[in-house]
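Taking the working numbering, the leading residue of the sequence shown gets 4, the next gets one more, and so forth.
We put the beta carbon where it would ideally sit given N, CA and C, even for glycine.
Predicted, not measured: the structure shown is a model, and the values here were computed from it.
Below: the structure, in structure tokens.
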Amino acid sequence: MPNVLHNRRTMKLSRVPSRARCQVFAGIVALLVTSRPTAAAETNRWIQLFNGRDLSGWDTYLGPASGGYHDPATTKEKPIGLNTDPLGVFSVVELDGTTVIRVSGQVFGAITTKAEYDNHHIRVEYKWGKKKWPPRDGPQHHRDTGILYWCIGPQGAGSMAWMRSVECNVMERGVGQWWSVAGSYVDIEGKNVVLEREPWVPYPGEGPGEECIVYRRGDPQFTTAGGITSAIDPEKPHEWNVCEVIAWGNVGIHLLNGQVVLVLVNPRYKENDREFALTRGKVQLQSEGAEVFFRKVEVQSVNEIPSELLSHVPSSSPDEKGFVPLFSTTAHEGWAQSGPGQFKLENGVATGIGGMGLWWYTNRMFTNFVIRGEFLQEQEGADSGVFLRFPHPGQDPWVAVKQGHEVEIGEADPEKPTWRTGSVYPFKAASRANTKPPGQWNTYEITCVGQNYAVRINDKLVTTWTDPDYRTAAGFVGLQNYNDQIVRHRNVRIKDLPGSQ
4 MPNVLHNRRT MKLSRVPSRA RCQVFAGIVA LLVTSRPTAA AETNRWIQLF NGRDLSGWDT
64 YLGPASGGYH DPATTKEKPI GLNTDPLGVF SVVELDGTTV IRVSGQVFGA ITTKAEYDNH
124 HIRVEYKWGK KKWPPRDGPQ HHRDTGILYW CIGPQGAGSM AWMRSVECNV MERGVGQWWS
184 VAGSYVDIEG KNVVLEREPW VPYPGEGPGE ECIVYRRGDP QFTTAGGITS AIDPEKPHEW
244 NVCEVIAWGN VGIHLLNGQV VLVLVNPRYK ENDREFALTR GKVQLQSEGA EVFFRKVEVQ
304 SVNEIPSELL SHVPSSSPDE KGFVPLFSTT AHEGWAQSGP GQFKLENGVA TGIGGMGLWW
364 YTNRMFTNFV IRGEFLQEQE GADSGVFLRF PHPGQDPWVA VKQGHEVEIG EADPEKPTWR
424 TGSVYPFKAA SRANTKPPGQ WNTYEITCVG QNYAVRINDK LVTTWTDPDY RTAAGFVGLQ
484 NYNDQIVRHR NVRIKDLPGS Q
């Protein structure tokens, strides 16, 4: 962010508005920031989705009475349907001295929240019953249910039982698995294996030759619609277990009894040859051939990924496919300078000179995207920034400051946390800068999905933040030049991400 706002190098104020003007503007920014809802206010309020008495707040849906999986395109059977449950598949009973939801599993289907959620944290306590039903009643079949989140579209789109969604499967020896529901697919870190050849995998499969992707953090990342299982199994047999999902931006984190079992990014689907993201929707609890009890079902809104989980989240793009380079051969091709100073582009390296000003990409605006690049600071704390989603600035670089968002390039250990490299200035401080010493190149990756911003510096996720004020949803991108401090940029490229319908 420009030092006009930072007010941290007073010897250079002759080049910028007066200190008084800076302090007035800084005061306005501070007032705006402090008037926003705090993270604690937004995230520390659990909403109980099960009231302990009945299924108020839920809809029920059941597929064909014969049970099992059905292809909506070919089956001749009709579903039992919405809010009709003649077999009592979903009920409220007493168990272990408390009132719980019982799912018999006899017919495939789900209970569905009436409300929709975007960024949220789901937590359920579950315990297996004894009964299993065809076609999942053989000795090779593990008890199975699931938490479906970001559910959209018609009931029964998947196997005539469930909505199109992202799945956190709850299955014996495979809690946290992901399976495609109604044509969804994701990006994952892992390896495809034949399960019977890999005895270290907790989930053994349900038949000879079964293949599955095993999720392991740090493995190669790729796109898949194939089933994904975890490399660990912290489930407690015959006891109550806690399964959680943190669904934020384009990320789904699955946890069992406090341990991360699977992390996915970019859940999406295709319709009429267009990709759409799954980032908002209802929640479903499945009936899938096994008796299961839910003692607690609760949800809360979140505006960031907890700092202790940042290291589990992979990149927002598995490779360079789809990225478009933004630099041309000269600084004037596709770019324009707003405000004082300039950028010089030589041999693919753009160097900011003087300022403070804004060098912005004029060819088009962007909505949901990943932008990657590299920067080099010649001096300790040399100041620059990547501006996102701002309107046409004309000759006023402050348009980007006031109407867009900035990812800070600045100090590693600043006086104020939001001056730290990787922060969304002035709203969210990076957990750490993770930068290299001056004179060395650093990489960044910034993901913008809806009102959610994620920043990686040198391959480490350092910031996640949701804008509670919905300041901007689309706009131009640009780079900042400031005074006599030198920051160089190269290899800046961008990739569009799908939006939701």
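{"Query": "Going by the CB atoms, is the gap between Gln51 and Glu247 shorter than 8 Å?", "Result": "no"}
{"Query": "In chain order, what are the residue ranges of uninterrupted alpha helix (DSSP H) at least 4 long that sit wholly in the stretch 414-465?", "Result": "none"}
{"Query": "Whole angstroms are fine: how far does the CA of Gly212 sit from the CA of Pro137?", "Result": "22 Å"}
{"Query": "Taking the CB atoms as reference points, tell me whether Lys179 and Glu291 lie closer together than 8 Å.", "Result": "The sequence shown places Gly at residue 179, rather than the Lys named in the question. Result no, Cβ atoms of Gly179 and Glu291 do not sit closer than 8 Å."}
{"Query": "What first and last residue would you give for the beta strand (DSSP E) that runs through Ala403?", "Result": "It is not in any beta strand (DSSP E) - Ala403 instead sits in the alpha helix (DSSP H) that spans 401-406."}
{"Query": "According to DSSP, simplified to helix, strand and coil, what is Ile31?", "Result": "Only weak support exists for where Ile31 lies, its pLDDT of 38 falling under 50; the coordinates are left without a value."}
{"Query": "What's the C-alpha gap between Asn371 and Val189?", "Result": "17 Å"}
{"Query": "With a 10 Å radius around its C-beta and 16 neighbouring C-beta atoms as the bar for buried, classify Val410 as buried or exposed.", "Result": "buried"}
{"Query": "Taking 8 Å as the cut-off, decide whether the C-beta atoms of Leu281 and Trp468 are in contact.", "Result": "no"}
{"Query": "Just to check my reading of the structure: Pro75 and Gly132 have Cβ atoms closer than 8 Å, yes? What is that Cβ distance to the nearest angstrom?", "Result": "With 8 Å as the limit, Pro75 and Gly132 do not qualify as a contact, their Cβ atoms being about 28 Å apart."}
{"Query": "Go ahead and pull the three-state DSSP assignment for Glu213.", "Result": "coil"}
{"Query": "Can you give the Cα-Cα distance for Ile231 and Leu151, rounded to whole angstroms?", "Result": "15 Å"}
{"Query": "Rounded to whole angstroms, what is the Cα-Cα separation between Ser69 and His145?", "Result": "20 Å"}
{"Query": "Cβ atoms of Thr78 and Pro67: under 8 Å apart, would you say?", "Result": "yes"}
{"Query": "Using the beta-carbon count (16 or more within 10 Å), is Arg491 buried or exposed?", "Result": "buried"}
{"Query": "Run the CB neighbour count on Trp49, radius 10 Å, all protein chains shown included, and call it buried at 16 or more, exposed below.", "Result": "exposed"}
{"Query": "Would you kindly work out how many angstroms separate the C-alpha atoms of Arg126 and Glu175, rounded to a whole number?", "Result": "18 Å"}
{"Query": "Could you say which of Ala250, Leu198, Trp363, Val95 lies nearest to Glu119 if we only look at CA atoms?", "Result": "Ala250"}
{"Query": "Could you check what DSSP says for Arg200 in three-state terms: helix, strand or coil?", "Result": "helix"}
{"Query": "So which of Ala476, Val197, Thr87, Glu170 has the shortest CA-CA distance to Lys285?", "Result": "Glu170"}
{"Query": "Excluding sequence positions up to five away, which residues of its chain have a Cβ less than 6 Å from the Cβ of Lys299?", "Result": "Glu128"}
{"Query": "Once you ignore the five residues that flank Val458 on each side, which residues in its own chain have a CB closer than 6 Å to its CB?", "Result": "Val410, Gly425, Ile449, Val465, Thr466"}
{"Query": "When you compare only the Cα positions, how much space is there between Pro142 and Glu294?", "Result": "15 Å"}
{"Query": "With distance defined between alpha-carbon atoms, name the residue in Leu265, Trp165, Leu482, Asn366 nearest to Val184.", "Result": "Trp165"}
{"Query": "With DSSP collapsed to three states, give me the class of Glu311.", "Result": "helix"}
{"Query": "May I ask you to report which of helix, strand or coil DSSP gives Ala44?", "Result": "Note that Ala44 has pLDDT 35, beneath the 50 cutoff, so the model's placement of it is unreliable and the number below is only indicative. Helix."}
{"Query": "I need the straight-line Cα distance from Pro223 to Val263, nearest angstrom please.", "Result": "18 Å"}
{"Query": "How many angstroms separate the CA atom of Arg200 from the CA atom of Arg493?", "Result": "46 Å"}
{"Query": "By DSSP, does Asn86 sit in helix, in strand, or in coil?", "Result": "coil"}
{"Query": "Tell me, to the nearest whole angstrom, how far the beta carbon of Ala436 is from that of Ile460; I am working on the premise that it is less than 8 Å.", "Result": "7 Å"}
{"Query": "For Asp121, name the three-state secondary structure that DSSP assigns.", "Result": "coil"}
{"Query": "Three Cβ pairs or more, each shorter than 8 Å: is that satisfied between the stretch 494-501 and the stretch 267-279?", "Result": "yes"}
{"Query": "Taking the beta strand (DSSP E) that Tyr364 falls in, what are its first and last residues?", "Result": "360-364"}
{"Query": "Leaving aside the five residues before and after Thr63 along the sequence, list all residues of the same chain whose C-beta is less than 6 Å from its C-beta, in chain order.", "Result": "Asn86, Asp88, Phe93, Ile114"}
{"Query": "Bridge partners for Gln262 per DSSP, in chain order?", "Result": "Leu259"}
{"Query": "Applying the 10 Å Cβ sphere with the 16-neighbour rule, what's the burial state of Gln488?", "Result": "buried"}
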